[in-house]
Amino acid sequence: MKRRVTIQTPLGEALQFHRLAGREALSQAYAFDLELLGSSNALDPKSILGKPATVVMETESGAPRYLAGLVTRFGLSHEDDRQAFYRMRLRPWLWLATRRSDFRIFQDQTVPEIVAAVLGRYGHPMEQKLHRSYRPWTYCVQYHESDFDFISRLCEHEGIYYHFRHKAEQHVLVFADDIASSHAPLPDGETVRYHPHEKAGMTGGLEASERIYEWASSDEVRPGHYFNDDYDFEKPRAELSHLRQMPPGHDHDDFERYEWPGGFTQHDDGESYARVRTEEQLSERSRATGRANRRDLAPGCTFTLTHHPRQDQNREHLLLAVDYDLQENLQASEGANASEGSVQRFAFEAQPTSYAWRPPRTTPKPWTEGPQTALVVGPAGEEIWADQYGRVKVQFHWDRIGERNENSSCWVRVSTAWAGATFGAAALPRIGQEVIVDFLNGDPDHPIVTGRVHNADEMPAWELPHQKQLSGLRSRELGGGQSNHLALDDSSGKVQVQLKSDHQSTSLSLGHVGRIDDVSGRRDDRGQGAELRTDGHGALRAGQGLLLSTEARPNAQGHITDMPETVARLTQGRDLHESLSQAAQAAKAHEAGDQDEVTKALKAQNDAIKGSGGDKAHGLFPEFQEPHLTLASPAGIQTTAQGSTHIVSGEHTAITSGAHTSVVTGNSFLVSAKNAVRLSAANAGIRMTAAKDDIDITAMKASINALAKLNIKMEANRITITARDEVLINGGSSYTRWNANGIESGTNGVWRAHAASHSLVGPDNKPVPPMAPATVVLQEAPPDPQIAFSMQHVPGFSPMLFAGQAYTLLKNGAEIRKGLFDDYGRLTIEQAEKGARYQVRLFNGTVHDVPVAQDRMERDPEQSQYNEHQLSNKGYRGDGQDSSKRRTQRERGSDSGQASA
Numbered sequence: 001m002k003r004r005v006t007i008q009t010p011l012g013e014a015l016q017f018h019r020l021a022g023r024e025a026l027s028q029a030y031a032f033d034l035e036l037l038g039s040s041n042a043l044d045p046k047s048i049l050g051k052p053a054t055v056v057m058e059t060e061s062g063a064p065r066y067l068a069g070l071v072t073r074f075g076l077s078h079e080d081d082r083q084a085f086y087r088m089r090l091r092p093w094l095w096l097a098t099r100r101s102d103f104r105i106f107q108d109q110t111v112p113e114i115v116a117a118v119l120g121r122y123g124h125p126m127e128q129k130l131h132r133s134y135r136p137w138t139y140c141v142q143y144h145e146s147d148f149d150f151i152s153r154l155c156e157h158e159g160i161y162y163h164f165r166h167k168a169e170q171h172v173l174v175f176a177d178d179i180a181s182s183h184a185p186l187p188d189g190e191t192v193r194y195h196p197h198e199k200a201g202m203t204g205g206l207e208a209s210e211r212i213y214e215w216a217s218s219d220e221v222r223p224g225h226y227f228n229d230d231y232d233f234e235k236p237r238a239e240l241s242h243l244r245q246m247p248p249g250h251d252h253d254d255f256e257r258y259e260w261p262g263g264f265t266q267h268d269d270g271e272s273y274a275r276v277r278t279e280e281q282l283s284e285r286s287r288a289t290g291r292a293n294r295r296d297l298a299p300g301c302t303f304t305l306t307h308h309p310r311q312d313q314n315r316e317h318l319l320l321a322v323d324y325d326l327q328e329n330l331q332a333s334e335g336a337n338a339s340e341g342s343v344q345r346f347a348f349e350a351q352p353t354s355y356a357w358r359p360p361r362t363t364p365k366p367w368t369e370g371p372q373t374a375l376v377v378g379p380a381g382e383e384i385w386a387d388q389y390g391r392v393k394v395q396f397h398w399d400r401i402g403e404r405n406e407n408s409s410c411w412v413r414v415s416t417a418w419a420g421a422t423f424g425a426a427a428l429p430r431i432g433q434e435v436i437v438d439f440l441n442g443d444p445d446h447p448i449v450t451g452r453v454h455n456a457d458e459m460p461a462w463e464l465p466h467q468k469q470l471s472g473l474r475s476r477e478l479g480g481g482q483s484n485h486l487a488l489d490d491s492s493g494k495v496q497v498q499l500k501s502d503h504q505s506t507s508l509s510l511g512h513v514g515r516i517d518d519v520s521g522r523r524d525d526r527g528q529g530a531e532l533r534t535d536g537h538g539a540l541r542a543g544q545g546l547l548l549s550t551e552a553r554p555n556a557q558g559h560i561t562d563m564p565e566t567v568a569r570l571t572q573g574r575d576l577h578e579s580l581s582q583a584a585q586a587a588k589a590h591e592a593g594d595q596d597e598v599t600k601a602l603k604a605q606n607d608a609i610k611g612s613g614g615d616k617a618h619g620l621f622p623e624f625q626e627p628h629l630t631l632a633s634p635a636g637i638q639t640t641a642q643g644s645t646h647i648v649s650g651e652h653t654a655i656t657s658g659a660h661t662s663v664v665t666g667n668s669f670l671v672s673a674k675n676a677v678r679l680s681a682a683n684a685g686i687r688m689t690a691a692k693d694d695i696d697i698t699a700m701k702a703s704i705n706a707l708a709k710l711n712i713k714m715e716a717n718r719i720t721i722t723a724r725d726e727v728l729i730n731g732g733s734s735y736t737r738w739n740a741n742g743i744e745s746g747t748n749g750v751w752r753a754h755a756a757s758h759s760l761v762g763p764d765n766k767p768v769p770p771m772a773p774a775t776v777v778l779q780e781a782p783p784d785p786q787i788a789f790s791m792q793h794v795p796g797f798s799p800m801l802f803a804g805q806a807y808t809l810l811k812n813g814a815e816i817r818k819g820l821f822d823d824y825g826r827l828t829i830e831q832a833e834k835g836a837r838y839q840v841r842l843f844n845g846t847v848h849d850v851p852v853a854q855d856r857m858e859r860d861p862e863q864s865q866y867n868e869h870q871l872s873n874k875g876y877r878g879d880g881q882d883s884s885k886r887r888t889q890r891e892r893g894s895d896s897g898q899a900s901a
């Protein structure tokens with residue numbers, strides 16, 4: 001009679017089945033140990049190792065029952081006179097995953113996707129009968145662990161389990177997650193009868209019906225509460241904790257298991273894990289064990305027990321594990337009855353399908369053994385690649401798959417020396433830098449950058465060990481070679497602090513100033529003290545007041561605006577200003593109102609600089625109650641400029657010196673006052689000297705008064721006195737009056753005249769030249785077709801006040817042009833027409849004539865001489881004897897030919 005248990009191997013009939021023992025269970029890689037009979041003792045293990053083999057059993061229904069696997073161990077055990085005995089171990093193809101370990105990163109994939117990716121490389125059949133949804137893992141690392149351990153711990157964490165479906169010459173790995181819908185009933189029938197008195201089942205005889213002949217059930221005290229929690233830095237205030245309560249109903253069922261971290265960052269994921277963990281801890285609360293001769297018993301199948309005396313046992317169960325004990329007699333191959341000496345024993349473990357089953361988390365997650373280094377990576381062409389939190393991507397040295405780009409890792413948080421709400425230290429790691437990576441709770445799925453280190457490609461900021469005295473910060477321009485640094489220079493006897501930007505060589509150096517330009521560090525000394533310098537623009541701005549002082553405060557004594565010496569000098573200057581102005585007022589040299597305004601303003605200014613009150617305890621001091629700019633020195637203040645110096649005051653300008661005030665100019669000294677010019681000398685005289693030209697004193701609308709307590713002396717080659725109406729000379733009450741009506745003289749004393757001869761002839765007179773107009777005078781320009789005019793004597797103004805202002809030019813009453821006065825208050829008339837009347841309308845609406853002096857000079861030669869005299873005193877010089885060629889000195893240096901006031 002043929003054998004009831006056989007084996008199929010690549011060696012065919014060279015091996016016969018003798019014995020099998022092993023256990024198959026949910027979420028376990030089974031191991032079946034077999035003893036085989038061979039006709040030869042020289043079988044080569046390499047011919048069968050790693051190849052599939054299948055044990056075939058006949059069942060009561062006649063359908064074969066398979067136990068398939070891969071041969072993972074094979075060898076000769078012993079031999080006798082008739083045959084050789086071989087030992088073989090069959091394992092599932094999943095066991096091959098224990099032979100391969102890796103470091104590998106998975107991003108944005110669910111656990112079923114990761115499992116498929118890992119096991120798909122093995123090329124064996126696999127099914128996923130999953131009914132739940134699974135969250136994607138942002139970052140999941142296989143860290144120095146076998147493929148088998150990796151997928152086992154992930155499935156255990158998610159509550160996914162697996163079993164095998166055996167077929168001829170192959171077995172299928174099946175993943176499941178729901179006890180109610182992921183499993184099929186036993187192939188030979190869903191129901192299994194319980195019959196404890198049938199002993200034939202222990203021998204496997206043909207007369208024995210397949211049934212369960214031993215059944216034992218038990219319950220266990222299990223905790224019914226589970227609490228989990230976690231933290232998400234992107235939602236630091238989020239409530240992620242969950243409490244799930246499923247008490248089994250016995251005493252002491254209210255114990256709670258608390259787990260942190262729970263391995264989630266989303267609230268719904270935490271709820272799902274709480275349910276899985278609760279089901280896991282309740283999975284062992286009700287179990288049944290038994291024995292049977294039912295040959296189709298297999299883990300992962302369901303059956304319904306019948307005929308048990310306890311009705312609560314007659315329900316559907318899920319087979320969790322089956323222990324196989326199979327044996328064929330040695331004589332079966334020699335024609336003996338196959339049932340004699342044959343054994344098929346099956347022990348099993350099951351639980352009711354009314355309870356969920358989850359695999360216990362027995363596979364430990366690997367923990368890192370400490371920090372490690374990695375390289376910062378990112379897209380090609382970028383120097384810094386970070387997100388809104390300052391996280392970066394890294395390439396671990398162990399990562400063989402990463403391509404050193406933005407996909408090499410998840411976003412990794414970066415530890416900083418200081419972090420707060422929009423404040424703290426900021427220095428993002430740059431691509432190519434080597435960083436120190438640690439792991440939160442030792443979890444390889446949660447890396448964090450805790451530091452940075454130099455290497456041969458990323459050398460220190462300054463050359464070492466030569467520049468060991470330098471510490472600080474040094475950055476590098478993105479896409480360029482410039483840098484910024486804050487250097488703390490601890491050179492012996494030459495300490496300094498330097499804040500520097502390579503852009504336009506801008507720096508602030510404090511202490512013993514030395515040059516620090518690049519990685520070479522400190523070089524030549526440049527002085528001691530402080531230097532703020534730049535090759536570009538500079539601005540120093542203080543909104544509440546600024547003191548620039550060379551008054552010493554050794555070792556920073558006093559507060560920053562302390563300036564009693566400065567206030568004292570300003571007070572002395574104001575007092576001197578006031579006393580001398582009072583003397584001038586007493587001498588009628590100054591009007592009281594003007595000087596009083598200046599003195600009052602100086603006092604108010606000094607009081608504001610000195611200040612009052614303050615709160616020293618809170619760092620508030622009295623100085624600068626107004627935002628003044630104060631320059632102070634115990635020695636001197638010098639200003640120089642290659643160009644011009646312009647001092648502007650919206651109110652008064654007061655200059656006070658305790659000794660002399662000397663003004664020297666290389667060209668002209670020009671004074672223009674809207675109202676009055678007053679000069680007063682308290683103790684000595686006033687002297688005006690023109691070394692080469694005239695001195696002109698003109699009162700355009702009023703009088704010239706010369707008053708001396710003693711004498712008035714005039715000396716000249718010729719003295720001309722001209723009066724339009726009358727000349728009156730009075731000395732000691734004797735007088736002479738000259739006017740158009742005649743000459744009148746009178747004296748109470750003697751009239752004495754001495755002359756070589758006396759001649760009295762007929763009447764005669766000299767015409768009186770007209771006085772210069774007291775209205776707007778636009779100076780004569782060359783009689784060329786292009787004529788330039790300068791605003792000169794508008795009452796109360798100077799030509800410079802018209803600079804940049806708008807005007808309208810009129811010719812014979814008609815508007816011919818609009819424009820702006822130039823920087824010197826000038827306008828130019830192109831192609832001036834002789835005899836035409838020109839007028840200019842100013843920006844304030846007033847209209848002034850533009851006279852052409854050439855016409856007057858042609859009509860009256862004496863008037864021309866007078867005008868020439870006036871124009872000469874106003875800066876005009878003739879090119880020759882012809883006054884028509886007159887030009888100003890300023891015009892000679894200008895291509896435009898314009899005149900200036």
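Position one of the sequence shown corresponds to residue 1 (UniProt numbering), numbered consecutively onward.
Here a beta-carbon is modelled for each residue, glycine too, at the ideal position from N, C-alpha and C.
These numbers were taken from a predicted model, which means no experiment stands behind them.
Would the region 363-378 count as touching the region 389-397 if we require 3 or more Cβ pairs under 8 Å? yes
Using C-beta distances below 7 Å, list every residue in its chain close to V118, excluding the 5 sequence neighbours before and after it, in chain order. D147, F150 and I151
On the premise that A29 lies in contact with L94, defined as a C-beta separation below 8 Å, what is that separation, rounded to the nearest angstrom? 5 Å
Tell me whether the region 669-689 and the region 620-632 touch, counting them as touching only if at least three CB pairs, one residue from each stretch, are closer than 8 Å. no
DSSP has P64 in a bridge; who is on the other side? E58
Residues bridged to Y86 [DSSP beta-bridge criterion]: L36 and L76
By Cβ distance, which residues of its chain are closer than 6 Å to P444, with the 5 residues on each side in sequence left out? V141, Y143 and T368
If contacts are defined as beta-carbon pairs under 8 Å, then S733 and N711 qualify, I think. What distance do you get, rounded to the angstrom? Incorrect: roughly 18 Å between the Cβ atoms, too far for contact.
Does DSSP classify A556 as helix, strand or coil? helix
Top-ranked residue by Cα proximity to I179, from C301, A568 and G746: C301
Let's test the definition: count the other Cβ atoms within 10 Å of the Cβ of I401 and tell me whether it reaches 16, buried, or not, exposed. exposed
Three-state secondary structure assigned by DSSP to E744: strand
Look at the alpha carbon of Q327 and the alpha carbon of E13, and state the distance between them as a whole number of angstroms. 18 Å
Contacts around G880, its chain only, beta-carbon distance under 7 Å, and the 5 residues preceding and following it disregarded: Because the pLDDT at G880 is just 41, under 50, the model does not fix this residue reliably, and the value given afterwards should be weighed accordingly. So no residue of the chain qualifies.
Assigned secondary structure, I114 (DSSP; H/G/I helix, E/B strand, else coil): helix
So L570 is in the alpha helix (DSSP H); what residue range does that whole segment cover? P564 to A586
What whole-angstrom Cβ distance do E271 and H242 have, given they're in contact under 8 Å? 5 Å
Can you say whether K692 is buried or exposed, counting buried as having 16 or more other CB atoms within 10 angstroms of its CB? exposed
Around the Cβ of Q351, are there at least 16 other Cβ atoms within 10 angstroms (buried) or fewer (exposed)? buried
Run through DSSP, which three-state label would W95 get? helix
Do S235 and S182 have their CB atoms nearer than 8 Å? Looking at the sequence shown, residue 235 is not Ser but Lys. No, they are not a contact pair.
Do K603 and R569 have their C-beta atoms within less than 8 Å of each other? no
Using only the alpha-carbon positions, how far apart do R100 and A216 sit? 40 Å
Apply the 10 Å Cβ neighbour rule to I560 and answer buried if 16 or more other Cβ atoms are within range, or exposed otherwise. exposed
In or out: T9 buried (at least 16 other Cβ within 10 Å) or exposed? buried
Contact check, F303 vs P185 under 8 Å by CB: the rounded distance? 6 Å
H195, enclosing beta strand (DSSP E) - first and last residue: Run containing H195: none; DSSP gives neither H nor E here.
H250 beta carbon less than 8 Å from that of A288: no
In chain order, what residues of the same chain lie with their CB nearer than 8 Å to the CB of R257, ignoring the 5 residues before and after it? P223, H225, Y226, F227, R277 and Q281
Please report the straight-line C-alpha distance between T6 and Q16, rounded to a whole angstrom. 7 Å
So the candidates are A608, R291 and Y122; which of them puts its Cα closest to the Cα of P627? A608
Residue(s) in a DSSP beta bridge with M126: L173
Let me check one thing: in DSSP terms, what residues is Q344 bridge-paired to? L326
Consult DSSP for A350 and reduce its assignment to one of helix, strand or coil. strand
Three-state class that DSSP yields for G22 in the structure shown: strand
Here's a check: name, in chain order, each residue in its chain whose Cβ is nearer than 7 Å to the Cβ of G22, leaving out the five neighbours to either side. Y30, A31, F32, D33 and Y324
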